[in-house]
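Heads up, the thing below is written out as structure tokens.
Numbering (the numbering used here), first residue to last: 1 to 740.
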């Protein structure tokens, strides 16, 4: 297996599991390839499971479908009515073999209630007319709204034995989503807004020329389909692109197609496959700068730094690509500990484009530092700290966290007592010598068990350390408050990560993860004899009241509720539900603004997308607190003085909680639910996919504000166990590291 299946924690995050479904038999199976091609070519960014319900056809009968789509699922079924009982899915869009998709179906994917269908106009023998759902018509089924009784009533409709569609759950859809071809007799043109065309008679029947032509557009060979999909403008779903492009590359090789395939592999974390695709066709060609750029990035992700640097330098020779290439060269040099080279590369990039933000960031980060105000202690008296050290306008949570870790062990958190080893830096022989010279090495905290923030081929998680180097660390090693940070639905390769993890656990004197969800996931990846070594160590930001000198509960809080959202990997966070989430948040925030000041807490500039979208889509403006420009004390002070924080980022919950402020979490990642489970407060979390998010968020926020003193006391009570665990672990580690 070259890469894993997606990580599935939808039961934790509430992520909607969606599928298209078709019921067919051997006679109608031949219509499905055309349907699938039409769906992909008209909605190229959509790739959900495509479930084929059938009466018991041989598995080989579906091979033609599998060549077209990467997520074909076959299930045996007695009738079309079985789609109402389709296990494993929350939303099912039922199509038919006699349909083709002609336009955008995003509205169907965004539906959240009832059973959507087009009530068609039917005439009876007496000349009367009524509207009813056709037995083979399009349906959008929200399974939460379909109990056994409703399923039976719909089953009668689908089997043409029931009188009427159940009106209590029916959500009428516009006719363009199930447009009957019989309306196009006498060669009537297909209306341009038709999204799904439903053939009620043979597609080659006379009198329906334009309808038949609309279907013929999607009757093509496999290679022609792949070529048509890859040639579409705009965004395409990476799973579909990865399915269509490689066979096409074999059949019709070209440099541009090789880069397309390599790019999609790289986005999926399949960096070795990206290199295998590009390297043979690029070589040292000087007329392919973007290919050299993609190849260089893929090689860098495999920790093949010398080769990566050579290809990025070739890319930098092109004026169009130079700023991006020089920014990546600066990053590469920095990863390898070559600060002066990184600074020079960043300067070269700024000469190519003085406005390039990436080069500017690396230029600032790598410029010469002044002398430390205090002389460092002897190496044997220092602790080495391996962590993500955020700088500039990077994530505010990643600025607060390293300091909180150090506070657990020493009141002095500066460079006199601590040797800083950025987690993304390559640990080579020189770095190993520095680590071993210290009295201990602390790795953490934060979500370091994540494959893609800064990919490397040495560990497949964030610490860029080869196994051979890791095994030779002789200083006591502690993994402290690290999290398994893989997103719900995220693909990643487990084999290399699992092997690095095994070496890490074997070598560690202490291995503490920040929530029990992470503990469970990591234990699953370890051999049985190592699993008991994985222990619980809460994130130290959650116990700031016990760690930060002078951090007291405010005598008086500001009448403010802070809100935070996150947008990294937005597709994994929201799926098709971002519009729904935004509308529900607008409802809740309007209600809260009637009783308190609501402000937005941005942990990094990208977080401010929420404020812009909220104003554009719903006319609601929020003042913004830019935490990324604040000091750590400023961040804690802001959160500590607020009455409530409603946050999506992990540290938008853990930092205010640690300061004694009540929180509600917008759950778009398993780690938020894991933390709330650990403290026994699952009710403080609301899924971003919740159909009634606005109402529930308003009710829970109001309950906290109505009895705020009790809410604060509840936070304090929940902190006690976290602090007792942390204090016990700290005492043990002080013995392990010895006294300085």
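Even glycine gets a Cβ: it sits at the ideal position worked out from N, Cα and C. Being a predicted model, the structure only gives us computed values, none of them experimental.
Beta-carbon proximity check, residue 214 vs residue 190, cutoff 7 Å: yes
Cross-strand partners of residue 18 (DSSP beta bridge): 91
Segment contact, 8 Å Cβ cut-off, at least three pairs: the segment 88-97 with the segment 24-32: yes
Delimiting residues of the alpha helix (DSSP H) encompassing residue 300: 289-301
Three-state secondary structure assigned by DSSP to residue 625: strand
C-alpha gap between residue 424 and residue 460, whole angstroms: 11 Å
Distance, residue 494 Cα to residue 243 Cα: 21 Å
For residue 501, three-class secondary structure by DSSP: Residue state, collapsed to three classes: helix.
Contact belief for residue 688 with residue 666 at Cβ below 8 Å, rounded distance in angstroms: 5 Å
Where residue 704 sits in the DSSP three-state scheme: helix
Buried/exposed call for residue 202, threshold 16 Cβ in 10 Å: With fewer than 16 Cβ atoms within 10 Å of its Cβ, residue 202 is classed as exposed.
Beta-carbon gap between residue 318 and residue 289 smaller than 7 Å: A distance below 7 Å separates the beta carbons of residue 318 and residue 289.
Length of the line joining the Cα atoms of residue 409 and residue 337: Between residue 409 and residue 337, the C-alpha separation is close to 27 Å.
For residue 668, the three-state DSSP class (helix, strand or coil): coil
CA nearest to the CA of residue 431, picked from 335, 50, 219, 149: 335
Cβ pair residue 80, residue 72 closer than 7 Å: no
Beta-carbon contacts of residue 411 that lie in its chain and below 8 Å, excluding the five residues immediately before and after: 549
Residue 613 versus residue 582: straight-line alpha-carbon distance, rounded: 8 Å
Neighbourhood of residue 419 by C-beta distance below 6 Å, restricted to the same chain and skipping five residues each side: 382, 384, 438
Segment limits, beta strand (DSSP E) that includes residue 687: 685-687 is the extent of the beta strand (DSSP E) around residue 687.
Nearest-angstrom beta carbon gap, residue 109 and residue 46 [assumed within contact, 8 Å]: 7 Å
Residue 647: first and last residue of the uninterrupted beta strand (DSSP E) it sits in: 644-647
Residue 546 vs residue 723 beta-carbon contact at 7 Å: yes
Proximal residues to residue 690 (C-beta, below 7 Å), its chain only, five neighbours per side dropped: 14, 696
Backbone secondary structure at residue 362 - three-state DSSP: helix
Rounded C-alpha distance that separates residue 321 from residue 315: 6 Å
Residue 731 versus residue 441: straight-line alpha-carbon distance, rounded: 16 Å
Three or more C-beta pairs below 8 Å linking the segment 650-670 and the segment 708-722: The answer is yes - the segment 708-722 touches the segment 650-670, with three or more Cβ pairs under 8 Å.
Check whether residue 678 and residue 515 have beta carbons under 7 Å apart: The answer is yes: Cβ separation under 7 Å.
Sequence-distant residues of the same chain with beta carbon closer than 6 Å to residue 303, five excluded per side: 456, 457, 458
Touch test, the segment 628-643 against the segment 597-608, Cβ-Cβ under 8 Å, three pairs minimum: yes
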